[in-house]
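Heads up, the sequence shown is in my numbering, so the first residue is 914 and it goes up one at a time.
Note that CB positions come from ideal geometry on N, CA and C, so glycine has one too.
Quantities reported herein were computed from a predicted structural model and do not represent experimental measurements.
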Amino acid sequence: MGNKSNLVYETQESLYQRAVQKMEADELIVQYEYKVQNYLKAAEMFEEVGEYEDAPQKAAECRRLAEKTKEDEKARRYNVAVYQMENAKTVKGFEKAEKLFEEAGEYKDSQARITQCRDKAEALNHRRKVKRVIKTVIAIAVIIVAIFAIKASPIPSIVAELAGMKIEDPRYAGEAATAENSGETEAEITLENAQPGDQVSFGTHVWYVLDRNGDELKMIMFQAEKFEEFRHTPFNAEQTDVDWEHSSLREWLNSTFLEENFSEEERDKILQVSVVNEDNPEYGTAGGNDTQDYAYLLSGEEVEQYKDILSHIRMNIWLRTPGNSPDTASFMSSTTTVMYYGYPVSDTNFYTCPVIHVSTAD
């Protein structure tokens, strides 16, 4: 009987300790769905232990933490939605905010804000339609006035100029050309004159200029979310301990990405630069060796340096700075906050925004 009692005790103790480990594993989990599942599984394990030690209390605590995690996630999504709504300027902006509030569920006044987003989107749509009708009416009126002016006046070029129209009449071609040349036009932004904060086209994409050093531009891709190859891209193809130097993302950016997005002439303008791979400042994770790259990811330190410009990139993007463990990488959130705790390198919930250095010299 004694041996049987000891065996039961050891089995309960073993189950209890496994449940405790399961409960405490939440610190290593960042995706809330997995964290909720982990707490519920730990609760089941404690309930299986029975009345041993404080298993019933811990089971209840795990279920409470699961519910709290759900509420915390709703609060996070709600706050992101509020930010999106308050900064929306277009129909698409309000539609995006509406979707985010829907994800927050019944949290706070989410349902009321959904209605507000729809109303604002509809108002913008209506305003846009009214403007379109007004422009059409004005255009028709201008054409009618111009037709009568041409018949009645010996100087139709003046009427046309006042109406904002160009008359293709050889008798007044010289006057029209003079008037057109006298106006000032806005200078086009090119690689040669681009400054930090400007958008410039290069290769098959549009870029934000982060910095300029003489004839060298440092640029980050804009609107990467529109292209499939930059959406839901893992930092590394396999879930393993890996740094930027040995990641599959670095290999792809410095080979296939360059070949498919730039002509040979454009690739000649892209400079190979020394990329510093610093340690994680919050968790002390080693950053690995510095690398020589044509295309790379920002570091956490660079996000802080260029925060004003990067605020336009409202996405979760990978960074090259390591996370809190060797199999994670840091990322920049949609609110331009560096998440140093990181995320598993094989996760596909992040975007990739490459950084390149381009020479503007002939």
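Can the beta-carbon of K983 be found less than 8 angstroms from the beta-carbon of V949? Yes, the Cβ-Cβ distance between K983 and V949 is below 8 angstroms.
Coarse secondary structure for V1043, derived from DSSP in three states: helix
I need the straight-line Cα distance from P1235 to M1132, nearest angstrom please. As the crow flies, the alpha-carbon of P1235 is around 22 angstroms from that of M1132.
Going by the DSSP bridge assignment, what does L1130 pair with across the sheet? BP columns for L1130 point to R1125 and V1271.
Just to confirm the assignment, what range does the alpha helix (DSSP H) spanning W1165 have? Where W1165 is concerned, the enclosing alpha helix (DSSP H) stretches over S1161 to L1166.
Rounded to the nearest angstrom, what separates I1027 and K1012 at their Cα positions? Linking I1027 to K1012 through their CA atoms gives a straight-line distance of about 8 angstroms.
Starting from the Cα of M936, find the closest Cα among Y965, C975 and T1248 and give me that residue. When each option's Cα is compared against that of M936, the closest is C975.
Within the chosen definition, does the stretch 1241 to 1260 reach the stretch 1134 to 1150 through at least 3 CB pairs nearer than 8 angstroms? yes
Beta-carbon separation of Y1121 and H1039 under 8 angstroms? no
Round the Cβ separation of D1124 and P1239 to the nearest angstrom and send it over; I've been treating them as touching at under 8 angstroms. 30 angstroms between Cβ atoms; not a contact.
Return the chain-ordered list of same chain residues with a C-beta closer than 8 angstroms to the C-beta of Q1112, the five sequence neighbours on each side being excluded. Excluding positions up to five away in sequence, the list reads I1102, V1119, W1120, Y1121, V1122 and F1135.
Please state whether DSSP places M1228 in a helix, a strand or coil. coil
L1037 versus K1044 - alpha carbon distance: 10 angstroms
Other residues of its chain near G1255: CB distance less than 6 angstroms, five sequence neighbours each side excluded: For G1255, where only same-chain residues beyond five positions count, the Cβ hits under 6 angstroms are G1236, N1237, T1241, A1242 and S1243.
Based on DSSP bridge pairs, tell me the residues matched to Y1256. A1242
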